[in-house]
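Chemist: Before I ask anything, let me first share the structure, which is written out below as structure tokens.
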């Protein structure tokens, strides 16, 4: 599998995240484990995304954070670093509000525990793996998969 450009891999990451926006989120300021979250993506924003959560969530304080992502087909992996901040713009909170989000908040949009966090991305490391027939056969038979056959990898600033 030939290496792809950083731009191509980054675009592939955004497509994969749009198809399955489930991630693991952790702040780097404490020793808490990462937790599953649903990333709210905007096709016009390629350096930020959002999370609806509650004010008592372990990530509510914000700060430096990392997001781990694995695509639905397990052919793309990403580790994204950035900063979590409270999203206080009501227009942004309303833009992404829907019935699925509302189900998590007893008081709906006016729930006093509602918190939206914005994740401003700094950089990412992205791996794209090769799940071709050749790659699968090599794994089944124990044959060596060489670096140039393994897939693409890049570090990007976002």
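Residue numbers (the working numbering): 2 to 159. For glycine and all other residues, C-beta sits at the position ideal for the given N, C-alpha and C.
Please list, in chain order, all residues of the same chain as residue 119 whose beta carbon is under 6 Å from its beta carbon, the five residues on each side excluded.
Modeler: For this step, residue 119 is matched to residue 118 along the chain shown. Counting only Cβ-Cβ distances below 6 Å, and skipping sequence neighbours, we find 49, 51, 86, 88.
Chemist: Starting from residue 91 and walking both ways along the alpha helix (DSSP H), at which residues does that stretch end?
Modeler: For this step, residue 91 is matched to residue 90 along the chain shown. From DSSP, the alpha helix (DSSP H) with residue 91 extends over 91-97.
Chemist: Taking just the CA atoms, how far does residue 130 sit from residue 2?
Modeler: Within the chain shown, numbered from 1, the residue matching residue 2 stands at position 1. Within the chain shown, numbered from 1, the residue matching residue 130 stands at position 129. For residue 2, the predicted structure reports a pLDDT of 43, less than 50, and the residue's modelled location is therefore unreliable. A value from the coordinates is still provided. Those two C-alpha atoms are separated by around 9 Å.
Chemist: So residue 46 is in the alpha helix (DSSP H); what residue range does that whole segment cover?
Modeler: Sequence index remark: in the chain shown, residue 46 carries index 45 (1-based). Segment: none, residue 46 is in no alpha helix (DSSP H) and carries neither H nor E.
Chemist: From residue 44 to residue 143, what does the alpha carbon distance come to, in whole angstroms?
Modeler: Numbered from its first residue, the chain shown carries residue 44 at position 43. Numbered from its first residue, the chain shown carries residue 143 at position 142. Straight-line Cα distance between these residues: approximately 41 Å.
Chemist: Can you tell me whether residue 125 is buried or exposed, with buried defined as 16 or more other CB within 10 angstroms of its CB?
Modeler: Within the chain shown, the letter at position 124 stands for residue 125. Per the 10 Å Cβ criterion, buried.
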